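Numbering (the working numbering), first residue to last: 251 to 598.
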């Protein structure tokens, strides 16, 4: 069983730290032996066992089960060597001490295991507290963000910091098979999957070894999925509003265009009807005026149709609008020039 649990501080990981734990176990037993030598003339040998229990407890609290077992075994050996007659040998003159050794070893192991369990519970509680605070911080940042790219960056940063891993988010893509040491967690939306979170721990012994840590990771991923779903729904609502506005503008445009189209058509029809019904009774000046009216209204109708075609090309993307600066007087002058005949003597 592993001596470290997820959520342990970084300094409690790795072979170097474990070797230091075994060395510290022997050092603690040596210190307990020195203290016991000072107390040897004051208390009976069985009472000196308590100093070794203190050493075992301290080692178990700091380094875990392995070093605490070494400390318990070394304590029994040191007690036998220094305080049980004959001294400075592992021989035992009184067989009753064999039971003392067994009880001493058993109690030392029990104390070590209980201390390790308490330490792990404390570290697990601290880890849950840290991750809960990190989840709250991530949720707050996700609530303030709006763009999908920003949401992805926030989630990857927080998950990577909390679980000591390299994190990437693939939206709407098939991540492929899981690589060794890499975890894939889906981002599930209400209607369909949104993507996948890929988590690659930076260390082999990492903060995702327990079911509890995995559940906490899934909580982070689910919170990310909720934020992405919210952003997607906001985009869909915005697109729906845009479509509704576009449809409203299209309806207004069609109403306006139908009126603009009917006006020149009515003028052309009226002029042509007058020429047909008047026949030879019309003088040349009137006929010329009617022909010019037909030509002008036909040109106007042609411009309207051309504008409609260009608008259609703009909406389809076939025609790109090129915007540039123009003097206002030229724009107004060109518009007045086109409307000169319709304006007549009116002042603008």
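Just so it is clear, CB atoms sit at the ideal spot from N, CA and C, and this is done for glycine as well. Being a predicted model, the structure only gives us computed values, none of them experimental.
Report the rounded CA-to-CA distance for residue 598 versus residue 392, giving the unit in angstroms. 56 Å
Just to check my reading of the structure: residue 437 and residue 447 have Cβ atoms closer than 8 Å, yes? What is that Cβ distance to the nearest angstrom? 6 Å
Close-in-space but distant-in-sequence residues of the same chain around residue 219 (CB under 6 Å, 5 per side omitted): The requested residue 219 does not occur in the structure, where the chain is confined to residues 251 to 598.
Please look up how many angstroms separate the CB atoms of residue 296 and residue 345, rounded, as I've assumed it's under 8 Å. That belief does not hold up - the Cβ atoms of residue 296 and residue 345 are roughly 15 Å apart, past 8 Å.
Does DSSP put residue 438 in a helix, in a strand, or in coil? strand
Three-state secondary structure assigned by DSSP to residue 242: Outside the displayed range of the chain (251 to 598) lies residue 242, so it cannot be described from this structure.
Answer yes if the stretch 531-542 comes into contact with the stretch 508-516, meaning at least three C-beta pairs across the two stretches below 8 Å, and no otherwise. no
With distances taken between CB atoms, is the gap from residue 366 to residue 278 smaller than 9 Å? no
Thinking C-alpha only, which one of 440, 381 and 528 is nearest residue 462? 381
Status (buried if at least 16 other CB within 10 Å, exposed otherwise) for residue 498: exposed
So, for residue 354: in the same chain, excluding its five sequence neighbours on each side, which residues have a beta-carbon less than 6 Å away from its beta-carbon? 299 and 326
Report the residue from 306, 416 and 288 whose alpha carbon sits nearest the alpha carbon of residue 274. 306
Reference residue 320; option with closest CA among 292, 287, 268 and 369: 268
Would the beta-carbon of residue 474 fall within 9 Å of that of residue 401? yes
Can you tell me whether residue 329 is buried or exposed? The criterion is at least 16 other CB atoms within 10 Å of its CB, across all chains shown. buried
Per-residue burial, residue 467 [other beta carbons within 10 Å of its own, 16 or more giving buried]: buried
Exposure label - residue 362; buried when at least 16 CB within 10 Å: buried
Starting from the C-beta of residue 385, find all residues in its chain whose C-beta is less than 7 Å away, skip the five residues before and the five after it, and write them out in chain order. 469, 470 and 473
Does DSSP put residue 471 in a helix, in a strand, or in coil? helix
Residue 490 classed as buried or exposed, judged by whether at least 16 other C-beta atoms fall within 10 angstroms: exposed
When burial is assigned at 16 or more other CB atoms within 10 Å of the CB, is residue 265 buried or exposed? exposed
Please state the DSSP three-state secondary structure of residue 445. strand
Around the Cβ of residue 358, are there at least 16 other Cβ atoms within 10 angstroms (buried) or fewer (exposed)? buried
Segments assigned beta strand (DSSP E), at least 3 residues, entirely inside the stretch 489-536: none
Under the three-state DSSP convention, the category residue 451 falls into: strand
Less than 9 Å between the beta carbons of residue 194 and residue 518, yes or no? Outside the modelled stretch of the chain, which goes from 251 to 598, sits residue 194, for which no answer is possible.
Looking only at its own chain, which residues have a Cβ that is under 6 Å from the Cβ of residue 441, when we skip the five neighbours before and after it? none
Using DSSP's beta-bridge definition, name the partner residues of residue 433. 449
Give me the residue from 376, 339, 422 and 450 with the minimum Cα distance to residue 410. 450
Are residue 301 and residue 322 closer than 9 Å when you measure CB to CB? no
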